[in-house]
Amino acid sequence: MSIEVNNESGVQVDEAQLVTLSRFIFERLYIHPQAELSILLVDEPAMEKLHIELMDEPGATDVLSVPMDELTPGTPGKQTPQGMLGDIAICPQVAEVQARNAGHSTQDEMLLLCTHGILHLLGFDHAEPEEKEEMFGLQRELLSAFLGKDAPMETMQ
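234 is the number that our numbering gives to position 106 of the sequence shown; each next residue is one higher, with no gaps.
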């Protein structure tokens, strides 16, 4: 399993916990052990640039996902094929503000955003109410199991 974290944000982040969470999610969703994931931590100007390039929307956002091989969750009998899951960009500065507003820690927010980003890479979305219910339900389930406590309240819409 190749999970690379590149912190260009200027903010101290528990990168090891992001990797541990990612591995946990890979195992729970039967992702091939050789699947590749890249997590990029960027500051607000870099995130705004990515947000404009990828979504044509101004302003820094919390997390962006760029899927590569269009992998989807596997099953107990059939893992996802080996491949490049994709890239996640997270902005710790935006995460800090969202965490403060939601009343939980910045690290919990970072874990929430990482989980959210991985689910997007696996084809989950939240544009429609049914999709949102499925994605956010799985997000809460995965994060609660990882943390051993209730997952932090969702801050993304």
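From the three backbone atoms N, C-alpha and C, an ideal C-beta is built for every residue, glycine too.
- Taking a contact as a CB-CB distance under 8 angstroms, the pair I159 and V191 does not count as one, their CB atoms being some 19 angstroms apart.
- In this structure, S233 is the residue among S233, I131, L165 and S150 with its C-alpha nearest to the C-alpha of P220.
- Under the three-state reduction of DSSP, I159 is assigned to coil, being neither helix nor strand.
- Measuring C-alpha to C-alpha distances from H244 to each of Q210, A230 and K260 identifies K260 as the nearest.
- In this structure the segment 277 to 284 lies against the segment 235 to 243, because at least three pairs of beta carbons, one per stretch, are closer than 8 angstroms.
- Contact check for A188 against M175 passes: the beta carbons are separated by less than 7 angstroms.
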